[in-house]
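**Student:** Residue numbering for the sequence shown follows numbering that gives the first Met the number 0, beginning at 0 and increasing consecutively.
Note that the Cβ used here is the ideal one computed from N, Cα and C, for glycine as well.
As the structure is a prediction and not an experimental result, all values here were calculated from the model.
Have a look at this one.
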Amino acid sequence: MSNSARLVRAFSTSPPCRDPKPVMNRYSRIVTQPKDQGASQAMLYATDGVVTDDDFNKAMVGVASVWYEGNPCNKHLLGLGQEIKASLAQSDLIGYQFGTVGVSDGISMGTKGMSYSLQSRDLIADQVETAAGGHHLDGMVVVPGCDKNMPGVLMALGRLNRPGLMVYGGTIRAGSCEGAPQLDIVSAFQSYGKYLQDGKTPSAERERYNTVRHACPGPGACGGMYTANTMASAIEALGMSLPGSSSFPAESREKHDECASVGPVMYNLLAKNILPRQIMTRSAFENAMVLTMILGGSTNAVLHLIAMAHSVGIKLDIDDFQNVSDRVPFLADIKPSGKYVMEDVYKLGGIPKILAFLLKNKLIDGNNLTVTGRTLGENLEEWTHKYGELDNTQDVIRPLDNPMKATGHIRILKGNLAPGGAVAKITGKEGLGFVGKARTFDTEDDFVKAVETGSIKKGEKTVVILRYLGPQGGPGMPEMLKPTSLIMGAGLGLDVACLTDGRFSGG
């Protein structure tokens, strides 16, 4: 998005509530109003949020930042949360910020640390729900950044069913170095395989080092259509974040404008008592699945969207994903399946332009309510009125008659190896089938050694089976991004197929 097109406000909300005194403190009044809750009130007087007695009549809103300074995806979220708090105060609301834990998949990948990754999603959900429920907060603004953060905070909002919205921390800028103008985290993952393929020469080592050194140039989530950007986009389609939130880069002016505009939105949600379960409907989840297929999103979206739907009492299963995949093409030329990154989506006008394109072609439902208090269709109409429709000369998002793949990339496979079903990512580059000699590995390290020693050879079709890495065996169902990146980096992408009871990341 050009500088001239930058947002002053990212959206407009529905008309404000006409009731001169809407009930805003539906939950906090349990502790702020009764005389027999004097101890609660004494504690609150000691906080920065309560300055006068009248403050006890205001809504108290939690601001949950999944903040950790040791990870680019999350290191800036404390600051974004503070900006959101200031916006809440300007709307006569009291903001209380708290933090939650998270696990950096990029840092822990290929180590025992990945055993903590998936369950961190549920831990985040429990923490946000606990803090909001235990302190009688009237609403929630959640500020996630890394992969498991997004479904975790949405599960909490769904369980609580109090007014709330998500502000995504935003995507990282693309990295670059000599000979590599478009680097991201998967470039770093694949650098070791490339180093092996190039014979471990001094030149190969320089390339490996430069890639690692320059792949992550600042704050923000991994830049391709990996799990974080996939889930942020899906949640915007779901209606639980503001228009553009998923594609505003972490360091963009628009991201700060978004934070500054949260106060009026939260006021409107509280005044009208618009609840997550009114927004997170079956139709909204269908929209999220459609966008995931269009973008070539992470297979992690399957288990995360199912868990999010469960939190609001909606049954979603793997067959629903197959049904969407059968009718929706894969259009996005975005990493890891293509060449662009999320920053390029931002430059062409953001996820709202893509959603407007899908609505125009009757692939999604525009009648669903969103956190703006307006329908998705109304939000998209306003966006395209300001910024225009998706430019048909750009090549980040292919036209419907020239897709990357005619059907979705996420396929649900069933058979004797996986009677309950398996999730596959088929982007169209792999052909329609693969036959090779099966080789089993009980650990990731064993597989890495096989590649290092040349045991897995180019030109020999091999089906690698990484086993005992599921929820119990892993434990924790770790992602297999290190092995798959090693395969691609070593130039074995067309020679090796990979099966696992673990998970595959967006990469």
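Within its chain, find whatever has a CB closer than 6 Å to the CB of serine 186; leave out the 5 residues flanking it on each side and keep chain order.
**Tutor:** Counting from one through the sequence shown, the residue named residue 186 turns up at place 187. Excluding residues within five positions, the ones whose Cβ falls inside 6 Å are Thr210, Ala214.
**Student:** For leucine 465, which of helix, strand or coil comes out of DSSP?
**Tutor:** For the purposes of this step, residue 465 is identified with residue 466 of the sequence shown, where counting begins at 1. Leucine 465: strand per DSSP, three-state reduction.
**Student:** Taking the C-alpha atoms as reference points, what is the distance between alanine 4 and leucine 485?
**Tutor:** One-based indexing of the sequence shown puts residue 4 at position 5. One-based indexing of the sequence shown puts residue 485 at position 486. Because alanine 4 carries a pLDDT of 42, less than 50, the predicted location of this residue cannot be relied on, and the following value inherits that uncertainty. Cα to Cα, the separation comes out at about 41 Å.
**Student:** Put phenylalanine 588 into one of helix, strand or coil per three-state DSSP.
**Tutor:** Any answer about residue 588 is impossible in this case: the structure gives the chain only from 0 up to 506.
**Student:** Would you decide whether arginine 172 is buried or exposed? Buried here means 16 or more other CB atoms lie within 10 Å of its CB.
**Tutor:** Start at 1 with the first residue of the sequence shown, and residue 172 comes out as number 173. So arginine 172 counts as buried.
**Student:** For tyrosine 194, I'd like the list of residues in its chain whose CB is within less than 7 Å of its CB, leaving aside the five on either flank, ordered along the chain.
**Tutor:** The residue you call residue 194 lines up with position 195 of the sequence shown. Correct list, in chain order: Ala203, Glu204, Arg207.
**Student:** For the alpha helix (DSSP H) containing serine 282, list its first residue and its last residue.
**Tutor:** Working through the sequence shown from its first residue, we reach residue 282 at position 283. Segment 281-294, the alpha helix (DSSP H) holding serine 282.
**Student:** Taking its Cβ as the centre, do 16 or more other Cβ atoms sit within 10 Å of glutamine 471, making it buried, or is it exposed?
**Tutor:** On the sequence shown, position 472 is the one that residue 471 refers to. Burial call: exposed.
**Student:** CA-CA distance, phenylalanine 97 and glycine 151?
**Tutor:** Position 98 of the sequence shown holds residue 97. Position 152 of the sequence shown holds residue 151. When rounded, the distance between both Cα atoms is 15 Å.
**Student:** Return the CA-CA distance between glycine 217 and glutamine 181, expressed in angstroms with no decimal places.
**Tutor:** Position 218 of the sequence shown holds residue 217. Position 182 of the sequence shown holds residue 181. For glycine 217 and glutamine 181, the distance between alpha carbons rounds to 14 Å.
**Student:** Is it true that the CB of serine 64 sits closer than 9 Å to the CB of tyrosine 167?
**Tutor:** Counting from 1 along the sequence shown, the entry for residue 167 is found at position 168. Counting from 1 along the sequence shown, the entry for residue 64 is found at position 65. No, they are not a contact pair.
**Student:** Who are isoleucine 411's beta bridge partners in DSSP?
**Tutor:** Indexing the sequence shown from 1 puts residue 411 at position 412. Answer by DSSP bridge pairing, in chain order: Val422.
**Student:** Once you ignore the five residues that flank leucine 6 on each side, which residues in its own chain have a CB closer than 6 Å to its CB?
**Tutor:** In the sequence shown, the residue the question calls residue 6 occupies position 7. Low per-residue confidence applies at leucine 6: pLDDT is 42, beneath 50, and the placement is therefore not dependable enough to give any value.
**Student:** Give the straight-line distance between the Cα atoms of alanine 179 and leucine 136, rounded to the nearest whole angstrom.
**Tutor:** As a first step, residue 179 must be located in the sequence shown, where it is residue number 180. As a first step, residue 136 must be located in the sequence shown, where it is residue number 137. The alpha-carbon atoms of alanine 179 and leucine 136 are separated by roughly 48 Å.
**Student:** Terminal residues of the continuous alpha helix (DSSP H) containing arginine 438?
**Tutor:** Taking the sequence shown and counting its residues from 1, one reaches residue 438 at position 439. No alpha helix (DSSP H) holds arginine 438; the beta strand (DSSP E) holding it covers 436-440.
**Student:** List in chain order: all unbroken beta strand (DSSP E) runs of 3+ residues lying wholly within the segment 155-236.
**Tutor:** 163-165, 174-176, 179-182
**Student:** DSSP on glycine 376, reduced to helix/strand/coil?
**Tutor:** By one-based count along the sequence shown, residue 376 stands at place 377. Helix at glycine 376.
**Student:** Would you give the residue range spanned by the beta strand (DSSP E) that serine 64 belongs to?
**Tutor:** Reading the sequence shown from its first residue, position 65 is the one you call residue 64. From DSSP, the beta strand (DSSP E) with serine 64 extends over 59-64.
**Student:** How should histidine 75 be labelled, buried or exposed, when 16 other C-beta atoms within 10 angstroms of its C-beta is the threshold for buried?
**Tutor:** Locating residue 75 in the sequence shown gives position 76, counting from the first residue. Result: buried.
**Student:** Span of the beta strand (DSSP E) holding tyrosine 95?
**Tutor:** For the purposes of this step, residue 95 is taken as residue 96 along the sequence shown, with counting starting at 1. Here the beta strand (DSSP E) through tyrosine 95 covers 93-98.
**Student:** With distances taken Cα to Cα, identify the nearest neighbour of threonine 226 among Leu347, Leu269, Pro275, Met292.
**Tutor:** On the sequence shown, residue 226 is found 227 positions in, with the first residue counted as 1. When only C-alpha atoms are compared, the closest one is Met292.
**Student:** Can you check DSSP and say which residues form a bridge with tyrosine 543?
**Tutor:** Residue 543 falls outside the range modelled here, since the chain spans only 0 to 506, and no answer is possible.
**Student:** Three-state secondary structure (DSSP) at glutamate 253?
**Tutor:** On the sequence shown, position 254 is the one that residue 253 refers to. Three-state result, glutamate 253: helix.
**Student:** When DSSP labels each residue in this structure, what does leucine 79 get in the three-state scheme?
**Tutor:** Position 80 of the sequence shown, counted from the first residue, corresponds to residue 79. Three-state DSSP puts leucine 79 in a helix.
**Student:** Can you tell me the Cα-Cα spacing of threonine 229 and isoleucine 455, whole angstroms?
**Tutor:** Within the sequence shown, residue 229 is the residue found at index 230, counting from 1. Within the sequence shown, residue 455 is the residue found at index 456, counting from 1. Distance between the alpha carbons of threonine 229 and isoleucine 455 is about 32 Å.
**Student:** Taking only three categories from DSSP, how would you classify arginine 25?
**Tutor:** Here the question's residue 25 lines up with position 26 in the sequence shown. Coil at arginine 25, not helix or strand.
**Student:** May I ask you to list the residues that DSSP assigns as paired with glutamate 478?
**Tutor:** Here the question's residue 478 lines up with position 479 in the sequence shown. Answer is Arg502, bridged to glutamate 478.
**Student:** Taking all protein chains shown into account, do 16 or more other C-beta atoms lie within 10 angstroms of the C-beta of valine 344, making it buried, or fewer, making it exposed?
**Tutor:** To locate residue 344, count along the sequence shown from 1; it is residue 345. Valine 344 is buried by the Cβ-count criterion.
**Student:** So which of Glu380, Asn24, Ala231, Pro335 has the shortest CA-CA distance to leucine 304?
**Tutor:** Start at 1 with the first residue of the sequence shown, and residue 304 comes out as number 305. Residue Ala231 is the option with its Cα nearest to leucine 304.
**Student:** If I measure Cβ to Cβ from glutamine 340 and keep anything under 8 Å in the same chain, skipping five residues before and after, which residues do I get?
**Tutor:** One-based indexing of the sequence shown puts residue 340 at position 341. It is worth fixing the name first, because residue 340 is valine in this sequence and not glutamine. Around valine 340: Thr170, Ala173, Gln181, Asp183, Gly222, Gly223, Ile333, Lys334.
**Student:** Between lysine 271 and threonine 461, what straight-line distance do the alpha-carbon atoms span, to the nearest angstrom?
**Tutor:** Sequence index remark: in the sequence shown, residue 271 carries index 272 (1-based). Sequence index remark: in the sequence shown, residue 461 carries index 462 (1-based). Roughly 58 Å between the two C-alpha positions.
**Student:** Any contact between the segment 390-402 and the segment 270-289? By contact I mean 3 or more CB pairs, one from each, below 8 Å.
**Tutor:** no
**Student:** Looking at asparagine 367: is its Cβ nearer than 9 Å to the Cβ of glycine 238?
**Tutor:** The count along the sequence shown starts at 1 and reaches residue 367 at position 368. The count along the sequence shown starts at 1 and reaches residue 238 at position 239. Cβ atoms of asparagine 367 and glycine 238: closer than 9 Å.
**Student:** Would you be able to state if there are at least three C-beta pairs under 8 Å between the segment 77-95 and the segment 51-66?
**Tutor:** yes
**Student:** Can you tell me which of the three DSSP states isoleucine 305 falls into?
**Tutor:** Position 306 of the sequence shown, counting from 1, holds the residue named residue 305. In the structure shown, isoleucine 305 sits in a helix (DSSP, three-state: H, G or I).
**Student:** Histidine 309 to alanine 155, Cα distance in whole Å?
**Tutor:** The sequence position of residue 309 within the sequence shown is 310, counting from 1. The sequence position of residue 155 within the sequence shown is 156, counting from 1. Each residue's alpha carbon lies about 11 Å from the other.
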